[in-house]
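Asker: Quick one: this structure, given as structure tokens, is what I'll be asking you about.
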Amino acid sequence: MAKKELITKVWIEEGCIVCDACETAAPDVFEVTEDSCIIRPDALNVEFAKPRSVEIVDAAEECPVDVIKFESETVEVADDAAAEPAAASADAPVAEAKKTAPAEPKKATPAKAPAASSKSKAPSAGEPDPSIQALLEAATSRGGHAGIMKNADDMPASTQDWKAADPKSLPPDARQAKVVEAAQKAKKQSELHRRDFVSNSALAIGWTAFGVGTGISVGPAFGRFMMPNVLEEPDPRIRVGKMDKYLEMVPGGVNEDYKPQGIWMIREEDRIAALNIICTHLGCIPNWLPNDRKFKCPCHGSGYYPDGINFEGPTPRPLERFRIAIKDGIVVVDKSKKYQYELGQWDQPGSFILV
Amino acid sequence: MDSILASSTSTLESVKHFINVACEPHWFMIISVAAFFIFLIGYRFWTKPAVAATIAALVTLFFLASCLDDNFNKIVTKADNVPIVIMMVSVAFLLWLAFRQAAINDERMEKGEPLLEAGADDKVLVWPDLVYSELIALVLCTALLIVWAIVLRAPLEQPANPNVAPNPAKAPWYFLGLQEMLVYFDPWLAGVVLPGLIVVGLIAIPYMDKNPRGNGYYTFKERKFAITSFLFGFIILWVVLIIFGTFLRGPNWNFFGPYEFWDHNRPAALLNTEFHDLFWVNLLGRPLPGHYLMRELPGIILLGGYFLLGPLIMKATVFRKLSRDIGFMRYSMLCVLMLFMLLMPIKMVLRWTLNLHYIVGITEWFLNV
Chain A
-9 MAKKELITKV WIEEGCIVCD ACETAAPDVF EVTEDSCIIR PDALNVEFAK PRSVEIVDAA
51 EECPVDVIKF ESETVEVADD AAAEPAAASA DAPVAEAKKT APAEPKKATP AKAPAASSKS
111 KAPSAGEPDP SIQALLEAAT SRGGHAGIMK NADDMPASTQ DWKAADPKSL PPDARQAKVV
171 EAAQKAKKQS ELHRRDFVSN SALAIGWTAF GVGTGISVGP AFGRFMMPNV LEEPDPRIRV
231 GKMDKYLEMV PGGVNEDYKP QGIWMIREED RIAALNIICT HLGCIPNWLP NDRKFKCPCH
291 GSGYYPDGIN FEGPTPRPLE RFRIAIKDGI VVVDKSKKYQ YELGQWDQPG SFILV
Chain B
10 MDSILASSTS TLESVKHFIN VACEPHWFMI ISVAAFFIFL IGYRFWTKPA VAATIAALVT
70 LFFLASCLDD NFNKIVTKAD NVPIVIMMVS VAFLLWLAFR QAAINDERME KGEPLLEAGA
130 DDKVLVWPDL VYSELIALVL CTALLIVWAI VLRAPLEQPA NPNVAPNPAK APWYFLGLQE
190 MLVYFDPWLA GVVLPGLIVV GLIAIPYMDK NPRGNGYYTF KERKFAITSF LFGFIILWVV
250 LIIFGTFLRG PNWNFFGPYE FWDHNRPAAL LNTEFHDLFW VNLLGRPLPG HYLMRELPGI
310 ILLGGYFLLG PLIMKATVFR KLSRDIGFMR YSMLCVLMLF MLLMPIKMVL RWTLNLHYIV
370 GITEWFLNV
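As given, the protein sequences belong to chains A and B, one line each in that order.
For the first sequence, our numbering assigns the number 345 to the last residue and increments by one with no breaks.
For the second sequence, our numbering assigns the number 378 to the last residue and increments by one with no breaks.
So this is what it looks like as structure tokens:
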């Protein structure tokens, strides 16, 4: 006499990831749908489920997220009867393993059986299925770690291959129907997509046009809104005194009286001009060194001649000059207009006063 | 007595003068590079505790004796500069520590003995080992900072005036290397491209250098090129430039020796020369070409040759094996970064010796190198 575990009830808990593993193991019991997995109505019948106990246990073990649960009862059966529903060679370890299970029905979480037994499949009747035999051989030859050898003859193909295959080549069963159904559904969906695409792109164009139109009409107003209404800025025009004191300067002289206002007044042979005190290298304020007769920047050592031309250190260009004019006998420097030597602007009227 | 005193004073003065001259930038650079390579070559000798301790003692003695000089004392004990003195000491100590272990390991490797790190159990418990160490470090740091804050006054100055820059105007000490770079290159190059390349280059190191030797143990012998080129960039082109900026840059951003008085009115003639002048006027004896591209052609060829032929020449000579080992892409990246790194000291030396302003100076486009 041997003990055998028979499934009395099987159900699926939440958390199915729709992976097809259970349908592969027990196609009569489980059906994988688009977004979930269900028990086929037939399998809710106890008498239908019982002969498929081994497959169900296999399916429960194969399930990667362990959501397949079942209740089982252990019954004592005659040796020949025990051998009947399942392959005799492979079923023995299962029976061995389950012997210790209590006799009363229990709610069993899928206990991991030895790998060799989990891979064994029950052929429907009589002759052993050659693919199963190959699997078994593979299992024994690898020390009990069964696996599907790719590219080997007579190996059962994976479910993914079945799906990809031409429906006509499949055996005429529920699986074929399912593949046909899926193909029809996919065709329908692609048509739907085409129609969606047209309407969606119309929508997208419409919204883009609306966005651009709004941006053009509201954008400048928003920009103006972000600007301050009143800009507090000192008057860029600075009165630097009468012409007399500049006429007294010797050519090459530098007047530092208006350095706090950002201006050096310089005297050349025939003109006076106003230099910007900001170093053209990186914006420091150079010092006037009367002994060396040069402007020298304390930050990186840039040096300028009294007329503002750069000659030492890293600076790339001469100091800038401001617009200068005489108004009512007073010299006025306008800091809002600059003249750059490298652009040839020092000869422009307004950059100097002839004396 | 007086004569002895006078003669000793004059000897002292001549020593000071000698050191001042040695601290002129080109000499300082030559001496530091030479010392760098001597230390790398003789790392097994100077890292011996007795030798290292002797060097440290001599340097300390020299430092303390120098502090008797007013000018030296003033600049070294300036509150801003104390961290740099600490940095010099700590960089030297950490270099010694690393090279000491590398020397021991290299010696053991030659004898076939297990390395220092062999069998080391790195596992440390968070509680109590780590937490206790952190607590102690925290207390010590706080105490140190309090003492420091009390003893050294914060170097506060008068309220900032946008029309007056302090003379010399110095960046925070950790940026003095960058500020020194800005003396030799245009702001876009020294302030944007080169610092960006430093960061990019550091990020690129693990992708260029896949040599697993030296992972998890100290060694110099197995990674001579990698360690030398990294330390050249770090010690010579970063730490030494910080020392330049801190101790040797004085008023008007002129160089001053460590015993020299910071005279604001010391004349300094640094008339720039341009490479195009050197080539067209001095070498060929003809006027500058009118168009700026023609004018700058020799500089462009020189610089282009530096970056294009440099890798090829190095591939045929010094990097023959390396270029084969690491492949075309890695080798190109390595060369570009190396050449940019070496452009720095080359341009510095050219500025100090020839007052060279630009190699390529297209001021019309603001493209000056």
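Every residue, glycine too, gets a C-beta built ideally from N, C-alpha and C.
1) What residue does the beta strand (DSSP E) around Phe312/A start on, and which one ends it?
2) If we count the other Cβ atoms within 10 Å of its Cβ and call it buried at 16 or more, is Ser142/B buried or exposed?
3) Any Cβ of chain B within less than 9 Å of the Cβ of Leu388/A?
4) Start and end of the alpha helix (DSSP H) containing Trp3/B?
5) Classify Lys284/A: buried if its beta carbon has 16 or more other beta carbons within 10 angstroms, exposed otherwise.
6) Does DSSP put Gly313/B in a helix, in a strand, or in coil?
7) Mind listing which residues of the segment 161 to 180 of chain B have their C-beta closer than 9 Å to chain A's C-betas, in chain order?
8) According to DSSP, is Ser26/A helix, strand or coil?
9) With DSSP collapsed to three states, give me the class of Lys57/B.
10) Is Asp297/A buried or exposed, if buried means 16 or more other CB atoms sit within 10 Å of its CB?
11) If we ignore side chains and look at the alpha-carbon of each, how far apart do Val189/B and Leu250/B end up?
12) Give the DSSP-derived three-state secondary structure of Ala172/A in the structure shown.
13) According to a CB-to-CB cut-off of less than 8 Å, which residues of the segment 245 to 262 of chain B neighbour chain A?
14) Whole angstroms is fine: what's the gap from Pro308/A's alpha carbon to Val100/B's?
15) With 9 Å as the limit, tell me which residues of the segment 279 to 295 of chain A have their beta carbon closer than that to any beta carbon of chain B; keep them in chain order.
16) Under a three-way DSSP split, which group does Glu3/A fall into?
17) What is the rounded straight-line gap between the Cα of Ala76/A and the Cα of Glu171/A?
18) Pro276/A CB to nearest chain B CB: under 9 Å?
19) Mind listing, in chain order, the continuous beta strand (DSSP E) runs of no fewer than 3 residues lying wholly within the segment 173 to 233 of chain A?
20) Quick check on His285/B - is its C-beta less than 9 Å from some C-beta in chain A?
21) Quick one: which chain B residues come within Cβ less than 8 Å of Phe301/A?
22) Since Arg257/A contacts Gly243/A with CB under 8 Å, what's their CB separation in whole angstroms?
23) If you run the structure through DSSP and keep just helix, strand and coil, what is Asp337/A?
24) Helix, strand or coil: which one does DSSP assign to Glu305/B?
25) Comparing the C-beta of His271/A with each C-beta of chain B, is any distance below 9 Å?
26) Would you kindly report the start and end of the unbroken alpha helix (DSSP H) that includes Leu187/B?
27) Taking Cβ positions only, does Ala72/A come closer than 9 Å to chain B?
28) Going by the CB atoms, is the gap between Glu305/B and His366/B shorter than 9 Å?
29) When you compare only the Cα positions, how much space is there between Trp336/A and Asn300/A?
30) Step through the CB atoms of chain B and report whether any lies within less than 9 Å of the CB of Arg307/A.
31) Is Gly334/A close to chain B? Criterion is C-beta to C-beta, closer than 9 Å.
32) In angstroms, rounded to a whole number, what distance separates the CA positions of Ser108/A and Leu34/A?
33) Any C-beta of chain E within less than 9 Å: which residues of the segment 234 to 254 of chain A qualify?
34) Taking the Cβ atom as the reference point for each residue, do Ser43/A and Glu(-5)/A lie within a distance shorter than 9 Å?
35) Look at Gly340/A and Lys327/A and say whether their C-beta atoms are less than 9 Å apart.
36) Taking the beta carbon of Glu13/A as the centre, do at least 16 other beta carbons fall within 10 Å, making it buried, or is it exposed?
Answerer: Based on what the coordinates show:
1) What you label residue 312/A is simply residue 322 of the first sequence in a count that begins at 1. Residues Arg311 to Lys317.
2) As a position in the second sequence, residue 142/B is number 133, starting the count at 1. Classification of Ser142/B: exposed, given that the 10 Å Cβ count is below 16.
3) Nothing can be reported for residue 388/A: it is not among the residues displayed for chain A, which extend from -9 to 345.
4) Outside the displayed range of chain B (10 to 378) lies residue 3/B, so it cannot be described from this structure.
5) Along the first sequence, one-based indexing puts residue 284/A at 294. Lys284/A is buried by the Cβ-count criterion.
6) Here residue 313/B is taken as the residue at index 304 of the second sequence, counted from 1. DSSP places Gly313/B in helix when its eight states are reduced to three.
7) Within the segment 161 to 180 of chain B, contact with chain A at the beta-carbon level (separation under 9 Å) is assigned to Asn170, Pro171, Asn172, Val173, Ala174, Pro175, Asn176, Pro177, Ala178, Lys179 and Ala180.
8) Locating residue 26/A in the first sequence gives position 36, counting from the first residue. Residue state, collapsed to three classes: coil.
9) Taking the first residue of the second sequence as 1, we reach residue 57/B at position 48. Lys57/B falls in the coil class under three-state DSSP.
10) Residue numbering aside, residue 297/A sits at position 307 when the first sequence is read from its first letter. By the 10 Å Cβ count, Asp297/A comes out buried.
11) Reading the second sequence from its first residue, position 180 is the one you call residue 189/B. Reading the second sequence from its first residue, position 241 is the one you call residue 250/B. It should be noted that the sequence gives Glu, not Val, for residue 189/B. The alpha-carbon atoms of Glu189/B and Leu250/B are separated by roughly 6 Å.
12) For the purposes of this step, residue 172/A is identified with residue 182 of the first sequence, where counting begins at 1. Residue state, collapsed to three classes: helix.
13) Listed by position along the chain: Pro260, Asn261 and Trp262.
14) Within the first sequence, numbered from 1, the residue matching residue 308/A stands at position 318. Within the second sequence, numbered from 1, the residue matching residue 100/B stands at position 91. When rounded, the distance between both Cα atoms is 41 Å.
15) Leu279, Pro280, Asn281, Asp282, Lys286, Cys287, Pro288, Cys289, His290, Gly291, Ser292 and Gly293
16) For this step, residue 3/A is matched to residue 13 along the first sequence. Of the three classes helix, strand and coil, the one that applies to Glu3/A here is coil, per DSSP.
17) The residue you call residue 76/A lines up with position 86 of the first sequence. The residue you call residue 171/A lines up with position 181 of the first sequence. Confidence at Ala76/A is low in this model, with a pLDDT of 42, below 50, so its placement is unreliable and the value that follows should be read with caution. Using only the alpha carbons, I get a separation of about 33 Å.
18) As a working note, residue 276/A is residue 286 in the first sequence. Closer than 9 Å to some Cβ of chain B, the Cβ of Pro276/A qualifies, so yes.
19) Given a length threshold of 3 residues, each whole run of the beta strand (DSSP E) inside the segment 173 to 233 of chain A is given here in chain order: 227 to 232.
20) The residue you call residue 285/B lines up with position 276 of the second sequence. Not one chain A Cβ lies under 9 Å of His285/B.
21) Against the first sequence, residue 301/A aligns to sequence position 311. What Phe301/A touches in chain B: Leu280 and Asn281.
22) By 1-based counting over the first sequence, the position of residue 257/A is 267. By 1-based counting over the first sequence, the position of residue 243/A is 253. That belief holds up - the Cβ atoms of Arg257/A and Gly243/A are roughly 5 Å apart, short of 8 Å.
23) As a working note, residue 337/A is residue 347 in the first sequence. Three-state DSSP puts Asp337/A in a helix.
24) Translated into the one-based positions of the second sequence, residue 305/B becomes position 296. Reduced to three states, the DSSP call for Glu305/B is coil.
25) Your numbering for residue 271/A matches position 281 in the first sequence. Answer yes: the Cβ-Cβ gap between His271/A and chain B drops below 9 Å somewhere.
26) Locating residue 187/B in the second sequence gives position 178, where the first residue counts as 1. Run containing Leu187/B: Leu185 to Tyr193, per the alpha helix (DSSP H) assignment.
27) As a working mapping, residue 72/A is identified with position 82 in the first sequence. Model confidence at Ala72/A stands at a pLDDT of 43, short of 50, so the residue's coordinates are unreliable; what they give is reported in the following sentence. False, the Cβ-Cβ gap to chain B never drops below 9 Å.
28) Taking the first residue of the second sequence as position 1, residue 366/B is located at position 357. Taking the first residue of the second sequence as position 1, residue 305/B is located at position 296. Taking 9 Å as the Cβ cut-off, His366/B and Glu305/B do not qualify as a contacting pair.
29) Residue numbering aside, residue 336/A sits at position 346 when the first sequence is read from its first letter. Residue numbering aside, residue 300/A sits at position 310 when the first sequence is read from its first letter. Cα to Cα, Trp336/A sits roughly 14 Å from Asn300/A.
30) The residue given as residue 307/A occupies position 317 in the first sequence. Yes - at least one Cβ of chain B is within 9 Å of the one on Arg307/A.
31) The residue given as residue 334/A occupies position 344 in the first sequence. Chain B contact via Cβ: absent.
32) Position 118 of the first sequence holds residue 108/A. Position 44 of the first sequence holds residue 34/A. Because Ser108/A carries a pLDDT of 40, less than 50, the predicted location of this residue cannot be relied on, and no value is offered for it.
33) Included in the structure are the protein chains A and B, with no chain E among them.
34) As a first step, residue 43/A must be located in the first sequence, where it is residue number 53. As a first step, residue -5/A must be located in the first sequence, where it is residue number 5. Yes, these two residues count as a Cβ contact at 9 Å.
35) Looking up residue 340/A in the first sequence gives position 350. Looking up residue 327/A in the first sequence gives position 337. In this structure, Lys327/A lies closer than 9 Å to Gly340/A by Cβ.
36) The residue labelled residue 13/A in the question sits at position 23 within the first sequence. Buried, since its Cβ has 16 or more Cβ neighbours within 10 Å.
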